[in-house]
Amino acid sequence: MTSTLGLIGLVSYLSRNIKDNPLPYAIKILSTYNRFVKSLVSSTLTPY
1 MTSTLGLIGL
11 VSYLSRNIKD
21 NPLPYAIKIL
31 STYNRFVKSL
41 VSSTLTPY
């Protein structure tokens, strides 16, 4: 839950500070975050 709130805060921070079009930056951050979560989940679920 904390990471989701952190992500929302980061996106809102960037959209306030990027005057052009913040949407590509937000999409890039979201895709990076999703890849990170998927790798985290897959490494957690992988049996040792």
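Position 36 of the sequence shown, counting from 1, maps to 36 under the UniProt record's numbering, and the rest follow consecutively.
The C-beta atom is built at its ideal place from N, Cα and C for all residues, glycine as well.
Taking the C-alpha atoms as reference points, what is the distance between Thr44 and Val37?
Rounded to the nearest angstrom, the two C-alpha atoms are 10 Å apart.
To the nearest angstrom, report how far apart Val11 and Ser39 are at their CA atoms.
For Val11 and Ser39, the distance between alpha carbons rounds to 21 Å.
Is the separation between the beta-carbon of Tyr33 and that of Leu5 shorter than 8 Å?
Not in contact: Tyr33 and Leu5 (Cβ atoms no closer than 8 Å).
Taking the C-alpha atoms as reference points, what is the distance between Val41 and Arg35?
Approximately 10 Å, taken between the alpha carbons.
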